[in-house]
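Chemist: In our numbering, the protein residues as written are 5 to 327.
Quick one: this structure, given as structure tokens, is what I'll be asking you about.
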Amino acid sequence: LKNVSTLKEPVRTELNDLRAQQERLRAFHETLRSTGQKYAAVVERCDKLVNSAEEGVSTVTLDEEKCRLTDEWDALNKQLADREQQVCIALQELGSYTDAYSALSIWLQDTEESIDGFKAMIDKVVELTTDNSKRETLKDQAKKIAQRYAALVENAHNRRSHLHEAIVMTEDWAELSGAFKTWLEATERDLHLLGKIPTDEEKFHQQIQIYQKLQDSIDSKQSDVEKMVHLCPLLAELTSDEEATEIDAVLKKYLTRYENLGARAAECGSLLQQMGEEIANFFERMNALGEWLDKMENEVYKMDAVSVYPNELGDQSTVLAEV
């Protein structure tokens with residue numbers, strides 16, 4: 005369920021597409037109810053197993069699995085809630101924008117008809133005017149009105165283009181920042197779990213592999229960070245000062261968390277490497293000690309029978325001194 009396309013598809017920009025996307029999210033929400041019942045049953049069963057465990061029986065693995073399952077379930081529900089909110093906001097913004105643009109289009113059409121009628125009226129007045137000075141004045145007034153109207157229409161089209169550009173950028177920002185926030189929270193939890201270093205050599209190597217995958221994931225997100233850094237000032241130019249400040253604050257918060265995550269991961273990698281060397285050195289010394297003990301036990305075993313001959317007693321004394 006975590007990787008369903010419904011939660012990963014971008015927020016649409018057309019009204020009908022947004023409504024269809026909202027309906028898909030609603031349907032997915034319904035299917036999630038049965039999964040929620042199964043999740044609750046699993047957690048309840050896990051709690052019963054932990055509570056019924058005999059004294060001395062470790063329940064650490066069960067507790068960790070329960071925490072992991074709870075975190076993933078909470079993350080999935082939060083991701084769904086965030087996406088529903090994004091689609092709802094997009095619907096409201098697009099609906100307001102569509103209504104405003106429709107009203108503006110009707111007004112421009114009415115104004116264009118008025119301008120055409122006014123121009124025709126001036127042309128008739130010009131034809132009837134015998135005074136050349138008044139005729140030129142009327143022509144100049146008609147020309148200025150036509151120019152102002154043309155500038156008004158051009159400005160309206162430019163504003164519409166900017167509004168559409170802002171909607172597209174807002175969609176890109178919401179998609180990027182939403183996915184990045186979810187990734188940050190999940191990766192921070194994974195890094196926290198790496199702080200529990202096992203003493204078992206095999207499990208330690210598994211943890212090294214988990215760390216390497218985590219580091220690769222952190223490195224791969226650098227491109228998304230660069231996209232958000234590039235997009236933020238462009239979007240800020242098309243929004244109000246208050247919204248621009250809010251977007252900038254969100255970006256700075258994400259950048260700080262990303263930098264801290266990278267620093268903590270690097271520190272964790274250094275500690276794992278150091279611990280790996282210490283564990284390898286420990287097992288090397290332990291193996292050497294085991295071999296030495298085997299050798300000494302073998303030498304001592306040879307002296308179980310004490311010789312009655314002076315020469316052999318001397319040899320045994322020499323071996324015993326070496327031991």
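Think of the CB as a built atom: it goes at the ideal place given N, C-alpha and C, for glycine as much as any other residue.
As the structure is a computational prediction, the values presented were derived from the model and not from experiment.
1. Between R16 and the rest of its own chain, which residues show a CB-CB distance below 7 Å, the 5 nearest in sequence each way excluded?
2. Taking the straight line between their C-alpha atoms, what separation do you get for K299 and N291?
3. Should I251 go down as buried or exposed, given a rule of 16 or more other Cβ atoms within 10 Å for buried?
4. According to DSSP, simplified to helix, strand and coil, what is Q151?
5. Starting from the C-beta of T174, find all residues in its chain whose C-beta is less than 6 Å away, skip the five residues before and the five after it, and write them out in chain order.
6. Quick one: what's got a C-beta closer than 7 Å to E179's C-beta in the same chain, skipping five residues either side?
7. Reducing DSSP to helix, strand and coil, say where D135 ends up.
8. Measure from the alpha carbon of E281 to the alpha carbon of each residue in E58, E205, R261, then state which is nearest.
9. Could you spell out the range, first to last residue, of the alpha helix (DSSP H) harbouring A240?
10. Residue range of the alpha helix (DSSP H) that T10 falls in?
11. Tell whether a beta-carbon distance below 8 Å holds between A333 and A79.
12. Ordered along the chain, which non-local residues of its own chain (more than five positions away) have a Cβ less than 7 Å from that of D228?
13. Quick one: Cα of H234 to Cα of E271, how far?
14. Is it the case that the Cβ atoms of L218 and A269 are separated by a distance below 8 Å?
15. Going by the CB atoms, is the gap between T10 and L29 shorter than 8 Å?
16. Quick one: residues in its chain with C-beta nearer than 6 Å to the C-beta of F32, no 5 flanking neighbours on either side, listed in chain order?
17. Buried or exposed for A146, going by 16 or more other Cβ atoms inside 10 Å?
18. For Q90, count neighbouring C-beta atoms within 10 Å of its own C-beta (all shown protein chains included) and say buried if the count is 16 or more, exposed if not.
19. Within 10 angstroms of the Cβ of R72, are there 16 or more other Cβ atoms? Answer buried if so, exposed if not.
20. Identify whether K200 lies in helix, strand or coil by the three-state DSSP scheme.
21. Taking the alpha-carbon positions, what's the E59 to C236 distance?
22. If you reduce the DSSP assignment to three classes, tell me which class K6 lands in.
23. Contact check, L239 vs W177 under 8 Å by CB: the rounded distance?
24. For A284 and Q210, what's the separation of their Cα atoms in angstroms?
25. Secondary structure at S274, three-state DSSP: helix, strand or coil?
26. In angstroms with no decimal places, state the Cα-to-Cα distance between E246 and K207.
27. Within 10 angstroms of the Cβ of R87, are there 16 or more other Cβ atoms? Answer buried if so, exposed if not.
28. Under a Cβ-count criterion, where at least 16 other Cβ atoms within 10 Å of its own Cβ denotes burial, should K12 be classed as buried or exposed?
29. Could you give the distance in angstroms between the alpha-carbon of D75 and the alpha-carbon of A45?
30. Buried or exposed: which applies to L195, given that a residue is buried once 16 or more other Cβ atoms fall within 10 Å of its Cβ?
Modeler: Based on what the coordinates show:
1. As a first step, residue 16 is located in the sequence shown; it is residue number 12 there, counting from the start. Shown here for R16: same chain residues with a beta carbon closer than 7 Å to its own, the five before and five after excluded, namely L22, Q25 in chain order.
2. For the purposes of this step, residue 299 is identified with residue 295 of the sequence shown, where counting begins at 1. For the purposes of this step, residue 291 is identified with residue 287 of the sequence shown, where counting begins at 1. Each residue's Cα considered, the two are about 12 Å apart.
3. As a first step, residue 251 is located in the sequence shown; it is residue number 247 there, counting from the start. By the neighbour-count criterion, in which 16 or more other beta carbons inside 10 Å mark a residue as buried, I251 falls on the buried side.
4. Counting from one through the sequence shown, the residue named residue 151 turns up at place 147. Three-state DSSP puts Q151 in a helix.
5. Reading the sequence shown from its first residue, position 170 is the one you call residue 174. Excluding residues within five positions, none has a Cβ falling inside 6 Å.
6. As a first step, residue 179 must be located in the sequence shown, where it is residue number 175. P14, V15, listed in sequence order.
7. Position 131 of the sequence shown holds residue 135. Reduced to three states, the DSSP call for D135 is coil.
8. Within the sequence shown, numbered from 1, the residue matching residue 281 stands at position 277. Cα-wise, what sits closest to E281 is E205.
9. Counting from 1 along the sequence shown, the entry for residue 240 is found at position 236. Per DSSP, A240 belongs to the alpha helix (DSSP H) from 226-241.
10. Numbered from its first residue, the sequence shown carries residue 10 at position 6. DSSP places T10 in the uninterrupted alpha helix (DSSP H) bounded by 9-12.
11. The question about residue 333 has no answer here: the residues shown for the chain are numbered 5 through 327.
12. Locating residue 228 in the sequence shown gives position 224, where the first residue counts as 1. Apart from the 5 residues on each side of it in sequence, D228 sits with its Cβ closer than 7 Å to the Cβ of L180, F184 in its chain, given in chain order.
13. Position 230 of the sequence shown, counted from the first residue, corresponds to residue 234. Position 267 of the sequence shown, counted from the first residue, corresponds to residue 271. Looking at the two C-alpha atoms, the distance is approximately 29 Å.
14. The residue given as residue 218 occupies position 214 in the sequence shown. The residue given as residue 269 occupies position 265 in the sequence shown. Result yes, Cβ atoms of L218 and A269 sit closer than 8 Å.
15. Residue mapping note: residue 29 aligns to position 25 of the sequence shown, counting from 1. Residue mapping note: residue 10 aligns to position 6 of the sequence shown, counting from 1. Note that the C-beta distance between L29 and T10 is below 8 Å.
16. Sequence index remark: in the sequence shown, residue 32 carries index 28 (1-based). Exclusion of the five residues before and after F32 leaves T10 as the residues of its chain whose Cβ lies within less than 6 Å of its Cβ.
17. Taking the first residue of the sequence shown as position 1, residue 146 is located at position 142. Residue burial annotation: A146 is buried, with at least 16 other C-beta atoms found within 10 angstroms of its C-beta.
18. To locate residue 90, count along the sequence shown from 1; it is residue 86. Classification of Q90: buried, given that the 10 Å Cβ count is 16 or more.
19. Here residue 72 refers to the residue found at position 68 when the sequence shown is read from its first residue. By the 10 Å Cβ count, R72 comes out exposed.
20. Position 196 of the sequence shown, counting from 1, holds the residue named residue 200. Note: K200 maps to coil in three-state DSSP.
21. The residue given as residue 59 occupies position 55 in the sequence shown. The residue given as residue 236 occupies position 232 in the sequence shown. Each residue's alpha carbon lies about 56 Å from the other.
22. Here residue 6 refers to the residue found at position 2 of the sequence shown. Unreliable positioning characterises K6 in this predicted model, as indicated by a pLDDT of 48, which lies under 50. The coordinate reading is nonetheless provided below. In the three-state reduction of the DSSP assignment, K6 falls in the coil class.
23. Within the sequence shown, numbered from 1, the residue matching residue 239 stands at position 235. Within the sequence shown, numbered from 1, the residue matching residue 177 stands at position 173. Contact between L239 and W177 holds, with the beta-carbon distance rounding to 6 Å and staying under 8 Å.
24. Within the sequence shown, numbered from 1, the residue matching residue 284 stands at position 280. Within the sequence shown, numbered from 1, the residue matching residue 210 stands at position 206. Distance between the alpha carbons of A284 and Q210 is about 15 Å.
25. Looking up residue 274 in the sequence shown gives position 270. Here S274 sits in helix by DSSP.
26. Locating residue 246 in the sequence shown gives position 242, counting from the first residue. Locating residue 207 in the sequence shown gives position 203, counting from the first residue. Straight-line spacing of the CA atoms in E246 and K207 works out to 51 Å.
27. Taking the sequence shown and counting its residues from 1, one reaches residue 87 at position 83. Under this definition R87 is a buried residue.
28. In the sequence shown, residue 12 corresponds to position 8, counting from 1. Label assigned to K12: exposed.
29. On the sequence shown, residue 75 is found 71 positions in, with the first residue counted as 1. On the sequence shown, residue 45 is found 41 positions in, with the first residue counted as 1. The alpha-carbon separation between D75 and A45 amounts to approximately 16 Å.
30. Residue 195 sits at position 191 when you count from the first residue of the sequence shown. With at least 16 other beta carbons inside 10 angstroms of its own, L195 counts as buried.
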